[in-house]
Every structure is written in C-alpha cells, then in structure tokens.
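Student: Taken in order, these protein sequences are the chains called A and B. Under our numbering, residues 1 to 368 are what the first sequence spells out, in order. Under our numbering, residues 1 to 368 are what the second sequence spells out, in order. The beta-carbon is built from N, C-alpha and C at its ideal position, and this holds for glycine as well.
Number of protein chains: 2
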Amino acid sequence: MSTDTPKTPKNEEARERLIDLAAEFYDQFAQGEVPAMRIPTRTKSNIEYDEEQGVWVYGDRHSTRSANSVGGAQKLLKAVYVIDFLSNQLQEGRSSTLRELYYLSESWDFDAAQFSDQDESNQLVEDLEIVSDVTREDFNMRPEESGATLMGPLFLREQTRRGEREIHCQEDVGEGGYQIPNNPDTIEFLDHDADFVLCVETGGMRDRLVENGFDTDYNVIIVHLKGQPARATRRITKRLRDELDLPVVVFTDGDPWSYRIYGSVAYGSIKSAHLSERLATPEAQFVGIQPSDIVRYELPTDPLSDSDVNALQSELEDPRFQSEYWTEQIELQLDIGKKAEQQALASRGLDFVTDTYLPERLSEMDVV
Amino acid sequence: MSTDTPKTPKNEEARERLIDLAAEFYDQFAQGEVPAMRIPTRTKSNIEYDEEQGVWVYGDRHSTRSANSVGGAQKLLKAVYVIDFLSNQLQEGRSSTLRELYYLSESWDFDAAQFSDQDESNQLVEDLEIVSDVTREDFNMRPEESGATLMGPLFLREQTRRGEREIHCQEDVGEGGYQIPNNPDTIEFLDHDADFVLCVETGGMRDRLVENGFDTDYNVIIVHLKGQPARATRRITKRLRDELDLPVVVFTDGDPWSYRIYGSVAYGSIKSAHLSERLATPEAQFVGIQPSDIVRYELPTDPLSDSDVNALQSELEDPRFQSEYWTEQIELQLDIGKKAEQQALASRGLDFVTDTYLPERLSEMDVV
Chain A
1 MSTDTPKTPK NEEARERLID LAAEFYDQFA QGEVPAMRIP TRTKSNIEYD EEQGVWVYGD
61 RHSTRSANSV GGAQKLLKAV YVIDFLSNQL QEGRSSTLRE LYYLSESWDF DAAQFSDQDE
121 SNQLVEDLEI VSDVTREDFN MRPEESGATL MGPLFLREQT RRGEREIHCQ EDVGEGGYQI
181 PNNPDTIEFL DHDADFVLCV ETGGMRDRLV ENGFDTDYNV IIVHLKGQPA RATRRITKRL
241 RDELDLPVVV FTDGDPWSYR IYGSVAYGSI KSAHLSERLA TPEAQFVGIQ PSDIVRYELP
301 TDPLSDSDVN ALQSELEDPR FQSEYWTEQI ELQLDIGKKA EQQALASRGL DFVTDTYLPE
361 RLSEMDVV
Chain B
1 MSTDTPKTPK NEEARERLID LAAEFYDQFA QGEVPAMRIP TRTKSNIEYD EEQGVWVYGD
61 RHSTRSANSV GGAQKLLKAV YVIDFLSNQL QEGRSSTLRE LYYLSESWDF DAAQFSDQDE
121 SNQLVEDLEI VSDVTREDFN MRPEESGATL MGPLFLREQT RRGEREIHCQ EDVGEGGYQI
181 PNNPDTIEFL DHDADFVLCV ETGGMRDRLV ENGFDTDYNV IIVHLKGQPA RATRRITKRL
241 RDELDLPVVV FTDGDPWSYR IYGSVAYGSI KSAHLSERLA TPEAQFVGIQ PSDIVRYELP
301 TDPLSDSDVN ALQSELEDPR FQSEYWTEQI ELQLDIGKKA EQQALASRGL DFVTDTYLPE
361 RLSEMDVV
C-alpha cells in the first residue's frame, strides 16, 4: 500500500523556498561571487526579548557561511545535499527523522558531503529553517519522539497518510486521550465546547484531572506537557489560543525547572528562538504550584538543592521573569527554601486539586 | 460530573483479598500471636529462571515482617493503613498514583503510619501485590506515566470512566496511534486482521514503519515500546499473544541495553518477577538489530563503550541469554566492538527497513 502524505500548500511553499536558496548559490557562482549563506548568530548573547510580542527572538548579529575556506565550502556543500534530499522528500510526500537524515548522508555519493555526527546535521536543518523561514515540520522532518496527549471538548479533523480522521477528544478516545501528531498543522479544529486550555506538566496530575472529570466539569482542554514540552505540544497550544481564542493556563510543579517549562510555553526557548512566533503563547498564565501556594496550603515539601537555588537566582536575572509577580514568588521561594510537586496537593485528599485548589486559583486569575 | 470507574469483578476480588490480609493480622492478635507477614525475599539472589514457563520468578527464600520489633510493628501498621486506603479506593471506584499515596499518608491521623519517603510506599504496594497475588493495576494504582501507543488492524473496546469506547487502531486514530491506557485489562479485543505483533523500541522507527504502511502491508500490530517498556505495554503485548494467538517479535537497537529491553518483554524483569506470568511473553522472538546484521548489511556503527562491553559480558552470564543464538551474537559483538541503531538502516535508504530488512528477517524467522 502506498501511504503518501497528501502534499499541502505549505509543503509546496517549503519546497520552493529551498530551491530558491539553492538558486541563490547558483546565481552567486554565475556572477563570479564566492557563494555564501548569512544566518543570525545562534548564541545566548544574540537572543533578544521582543517586548511587543512577549517572545524571545534572535538579535541583529549575523554570521556568514562562505565557500572561501575549505570548511565553509563543505558546509555549503552539505547544505546543498540536504536541500536536494528535502526537496525530493517533499516532492514524494515522504517524511523522515533527523536521525535518519544523518544516517542517510552515508549513502551520498560524495564523501565530503557526509555528516561527521548528528549534531552537525541537526544544526544544518535548524539553519535551513532560519534562512528559508520554513519550519522543520513543513520540511516533513519528524522529531524522534512526539508523545503528548490532549483530552477535552474538542472536535477535530486530522489529515493522516491514510486519509482524514474526525476525532472528538473525549468521545472518540480511550482513557489515554488523543495523541498529538508530530506535525499538528495537519489538524483542523472543527468544533469545541471549551472555556479554556489547561497545560499540565506531569502524567500523574493529568490522569488525576481526567479521573476527576475536570475537563467535563469545567469545559477545559487538558494538554499534557510531559515535562519540557515538545514542539508539537507547544504548537497545538498556541493554535488553540489563537484560533479558538481560548485562555491558556499552565500547571506545573513548584520548582525552578518547572517555571522554565512555563517559560517555554509562554515565551519560547533560546534553542528555538527563530520559531517563537509560531510556538510561544505569550498570553499563557501560570496557575502554580506557586511558592505562595506552598505556604498558603501548607503543602508537603522538599528542601531546595544547591542547583535549585542557582536556577532560581538565574531566573531572577532572566528577562522572561522580570515581572513583579515572578520576582515576588522567586524571592519567597528562596526565603522559605522549599519546593513542592503538583501531586503534593494529594496530602489534602485526592479531590482537593479539582474541588478547591484549581477553582480558587482560576477564579483569582479570572479564568473561571 | 461524577466519573466513577465501573467496579469490575477483579476490583471486588482485589478488595476481598486485601481485607483477608487485614483479617489475618486480626486473627493473629485474637489468638495471642505476634502479627506477621511473610513475603518472598526480593533480591537478585532469590530470582529463579522458571525453565518451564521461560520467565523469571522469585525463589523459595522468604523474609518475615513481624510486630516483635518497633520497626516491624510500624511496617505492619503502615500496611494496614494502605490496605484501608486501597479498600476504600476500590469501594468508591477511584484510582490514584503511587506518588499520591505517598503524599496522602501525610493526612493520616496517626503519625507513625506516615511514609518517610516514596521508596517506602512503593515497596509496600509491591509487597501487597505479592502477598495478595493481586496486581497494582487491580488495586487501581496508576503509574506516573503510561505513554506507549499501538497501531494496526485491531478493533477493541475500552472500558473508560466515561463509558465504553470502540476503537479501530488504524481507522479511528490519528497518525499518533492508539494510546494504551494505564490498565490495559480495561480493553476487550473485538476483532482483528493481524498476522503478528511487532514491538519497536524507538519512536523514530515506529513512525517510519507507520509512514511506510508496514502495518497495512503485512497485517501487523505495531506496539511502540518507548525504550524500556512500561507495565501496561508489556501486559497488552502478552494479551495479544495469548488471546489472539499472534506471534510477537521485538525490534530494537543493536546494543546490550536494547537486548535487555527484549529480555523484559520476553522473560520478565527482576524488579517485577512476581508479575512475570502476567507481563512476560516468553514466545517473543528477537528480530534485531543483531550483531550479525551489522556485518551483513554493513550498517553505520558506533564503537562499544566500556559500559557496553561490561553489559555484554554480564549478559553472557545471564541465564536469560544462555542460548546458543545469544552466545553467538554477543560474542560476535564483543569481537567486532561495534553497535548500531535501528535507524542506521536508513543509510541504505528510507524504505530499506520495510522493503528488505524486515521481510528478510521475518521470513528467516518463519513469521511471514
């Protein structure tokens, strides 16, 4: 059976941009210039906080990959081979993983075009994302793992290789929920009965909310973040916000690493700053666990480790956490020297989170 | 909305066994005896390979938890509190995670019954599994994460808290597949058109097989193991083997850690030896990547690290790998000093795995 991916207009556009890029090298050659590719410097020092959009983006500094050295020429050669591979892949409606691309390069006829390690091929694909302004997903490059799930009053249509699937994310799925595909742009939202979106860090808490019927009682779409969220999870969250005009709230453990999870949903990450506009949801609000919740609800805690303290201190310096709210919460946490997990709410009973904690917090936040 | 779990006969039986256990303590008290609980010693030295069933089980050595010391008495006290909690949970059709149980103990009225850390509560639940011969799933205890998915010509009915769901694992799911629930015994297999079951270690390879339509071309149920498989994944694999009489094959990377993944599917693990009969599929066969495949298909490799070599050497001593086949393969791998990933097959092209490698291997194994 052939299971070709239907070619979307986005795929067509991605292919055209890639070919344009190769054409640029050709033109440079034709004009007697040394071919070169200009890309933003992708280091921490070239990351800027875009106040207006509330997301992280790359700054003005650029570096140039030029064929005026052997190393630079090899980089451009590899870029051309990858462009050729991606362009064929899009033409044929195929897809592949970053890892497969790395291994595939071993079959390329010209040894100098082969990658020496996977970091090199990963970085080249990210470079091409930036230069062509097309995302990896639209190149049909898949991540190794997707993983997260969604449960709630949402009816959607997913374009799969086997045809369209119409799925209601409560009525047509098992207890495990709807599995978010690697490229959520294959999804069209058909109908919904949701009042807001709740992103949850841990599987244990996701299962608790589903068991307690929180999604039906409060008309909420529960998105499982599964720790640091995958691109697919951040993308669908943003689309739920933008296309359905739903408030988004994020519910994590109460420690510095979890605040970074919230940060990556809300503001974007340094590694994927070129995608912030596509992946970040600056309107997303933090539910908790807040350091003040630890005090207010007398939650069972663990002491902060040295690395927790360091992480909190670096968050105090982080432009993403420069609000009065975060400064207050982080200073309080450093002061009490404690952290707490989402599931620590169970010390007040299994229903405390859905009967008391979330309703109180969400009403303070004007979400319910 | 109330979302009570329908109480199954298994839940009723689990509850009765727990109460019997508490009744035993009561009878011991009534007869003037010091209450005690006898459990198999759960150490590596008390693990035996059951030749007949081909799985690992606990041996004859037992240890006794007796109330004749303060420490022992506290252990039994905690056991009684947990029995009370589980019995109520089953009565009410609720469920919870191991982590929630740990935190819940903070709300118990008697301080001495509270757990000092989660290892303690986890171990107690495992002890109760062993003594009562009821699995954690039938106590309605959930793991923190479930995660794995299934794709293939299988039509099933899942009993969820929101009622029954009938799902075809190709036609009614998105590209991500069917999410296996925490307790797969809520699933009833209704119909299928499958010739065998293929368990796959990595997400990248799972997606490759689905993209290439391997499940439809070969009528195969593709189970994603997601690294070391969760209990739910191993349980559904065993049920597919036993109830549908389907051959099971396991496809992993070609390194010692992946052979252990195969081992845990096929023979059971030391940690859950009391569940081997329920979770292990001794008929499961290893597809590869075999060390001999690395040679035969000239796959791209990485050198074995010291810890790889140690792991291979300890597998040579492991009764689970004492066959001629495994000895030969492991010795070959030590000899060539190399390992390869599943996705290294992509060096021969993206279709090589489904057009050549798997058909060749599966026909050698008489599966297709």
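If you reduce the DSSP assignment to three classes, tell me which class B:Ala67 lands in.
Tutor: In the structure shown, B:Ala67 sits in coil (DSSP, three-state: anything other than H, G, I, E or B).
Student: Compute the Euclidean distance between the alpha carbons of A:Thr135 and A:Glu211, then round it to the nearest angstrom.
Tutor: 36 angstroms
Student: By the DSSP assignment, the beta strand (DSSP E) with A:Phe115 in it spans what residues?
Tutor: Counted as a single uninterrupted DSSP element, the stretch harbouring A:Phe115 is not any beta strand (DSSP E), since DSSP gives it neither H nor E.
Student: Just to confirm before moving on: does the CB-CB distance between A:Leu90 and A:Asn11 stay below 8 angstroms?
Tutor: yes
Student: Can you confirm whether B:Leu104, when its beta carbon is compared against all beta carbons of chain A, has any partner nearer than 8 angstroms?
Tutor: yes
Student: With a cut-off of 8 angstroms on the beta carbons, I'd call A:Gly59 and A:Ser66 a contact; round off their distance for me.
Tutor: So it is not a contact: roughly 21 angstroms between Cβ atoms.
Student: In the DSSP assignment, find the alpha helix (DSSP H) that holds A:Phe25 and state where it starts and stops.
Tutor: Where A:Phe25 is concerned, the enclosing alpha helix (DSSP H) stretches over 9-30.
Student: Can you tell me which residues form a DSSP beta bridge with A:Ile261?
Tutor: In the DSSP output, where bridge partners are listed per residue, A:Ile261 has none listed.
Student: Using DSSP's beta-bridge definition, name the partner residues of B:Phe196.
Tutor: B:Val220
Student: Does A:Asp302 pass the burial test, meaning 16 or more other C-beta atoms within 10 Å, or should it be called exposed?
Tutor: exposed
Student: Using C-beta distances below 7 angstroms, list every residue in its chain close to B:Asp138, excluding the 5 sequence neighbours before and after it, in chain order.
Tutor: Lys10, Asn11, Ala14
Student: Would DSSP call B:Tyr58 helix, strand or coil?
Tutor: B:Tyr58 sits in a strand when the DSSP states are folded into three classes.
Student: Relative to the C-alpha of A:Ser116, which residue among A:Glu126, A:Leu104, A:Asp127 is closest?
Tutor: A:Leu104
Student: Just to confirm the assignment, what range does the alpha helix (DSSP H) spanning A:Gln313 have?
Tutor: Segment 306-317, the alpha helix (DSSP H) holding A:Gln313.
Student: Considering only the alpha carbon of each residue, which of A:Ser314, A:Ala148, A:Ser347 lies closest to A:His224?
Tutor: A:Ala148 is the residue among A:Ser314, A:Ala148, A:Ser347 whose C-alpha sits nearest the C-alpha of A:His224.
Student: If you count every other CB in all the chains shown that lies within 10 Å of the CB of B:Phe41, and 16 or more means buried, which is it?
Tutor: As written in the sequence, residue 41 of chain B is Thr, which differs from the Phe given in the question. By the Cβ neighbour-count rule, B:Thr41 is exposed, with fewer than 16 other Cβ atoms within 10 Å of its own.
Student: If I measure Cβ to Cβ from B:Glu144 and keep anything under 8 angstroms in the same chain, skipping five residues before and after, which residues do I get?
Tutor: So the list reads Thr97, Leu98, Arg99, once near-sequence residues are dropped.
Student: What residue does the beta strand (DSSP E) around B:Ile289 start on, and which one ends it?
Tutor: Per DSSP, B:Ile289 belongs to no beta strand (DSSP E) and is neither H nor E.
Student: Scan the region 89-114 of chain A for residues whose Cβ lies nearer than 9 angstroms to a Cβ of chain B and list them as they occur along the chain.
Tutor: Gln89, Arg94, Ser95, Ser96, Thr97, Leu98, Arg99, Glu100, Leu101, Tyr102, Tyr103, Leu104, Ser105, Glu106, Ser107
Student: Using a Cβ-Cβ distance under 8 angstroms, would B:Val367 count as near chain A?
Tutor: no
Student: Grab me the residues of B:Phe196's own chain with a C-beta within less than 6 angstroms of its C-beta, minus the 5 sequence neighbours each way, in chain order.
Tutor: Val220, Leu246, Pro247, Val367
Student: Kindly say whether B:Asp207, judged by its beta-carbon, lies nearer than 8 angstroms to any beta-carbon of chain A.
Tutor: Taking Cβ atoms only, chain A reaches closer than 8 angstroms to B:Asp207, which makes this a yes.
Student: In chain E, which residues lie less than 7 angstroms from A:Pro303 when you measure between Cβ atoms?
Tutor: The structure shown contains no chain E; its protein chains are A and B.
Student: Quick check on A:Met205: does DSSP put it in helix, strand or coil?
Tutor: helix
Student: Buried or exposed for B:Arg348, going by 16 or more other Cβ atoms inside 10 Å?
Tutor: buried
Student: Against A:Gln31, what residues of chain B qualify as contacts under a CB-to-CB distance less than 7 angstroms, listed in chain order?
Tutor: The contacting residues do not exist; A:Gln31 stays about 36 angstroms from chain B at best.
Student: Just to confirm the assignment, what range does the alpha helix (DSSP H) spanning B:Gln159 have?
Tutor: Per DSSP, B:Gln159 belongs to no alpha helix (DSSP H); it is in the beta strand (DSSP E), 154-160.
Student: Figure out for me which residue from B:Arg241, B:Glu341, B:Gly254 has the closest Cα to the Cα of B:Val265.
Tutor: B:Arg241
Student: Using C-beta distances below 6 angstroms, list every residue in its chain close to B:Asp215, excluding the 5 sequence neighbours before and after it, in chain order.
Tutor: Met151, Gly152, Ile222
Student: Quick one: which chain A residues come within Cβ less than 9 angstroms of B:Tyr178?
Tutor: Val173, Gly174, Gly176, Gln179
Student: With H, G and I counted as helix, E and B as strand and the rest as coil, what does DSSP make of B:Asp351?
Tutor: coil
Student: Starting from B:Ile47, trace the beta strand (DSSP E) both ways and give me its first and last residue.
Tutor: B:Ile47 -> beta strand (DSSP E) spans 47-50.
Student: B:Glu166 lies in the beta strand (DSSP E); which residues open and close that run?
Tutor: Element bounds for B:Glu166: 163-168.
Student: Going by the CB atoms, is the gap between B:Leu299 and B:Gln333 shorter than 8 angstroms?
Tutor: The Cβ atoms of B:Gln333 and B:Leu299 lie no closer than 8 angstroms to each other.
Student: Does any CB atom of chain A fall closer than 8 angstroms to the CB of B:Pro229?
Tutor: no
Student: With distance defined between alpha-carbon atoms, name the residue in A:Gln228, A:Thr356, A:Leu76, A:Glu364 nearest to A:Val131.
Tutor: A:Leu76
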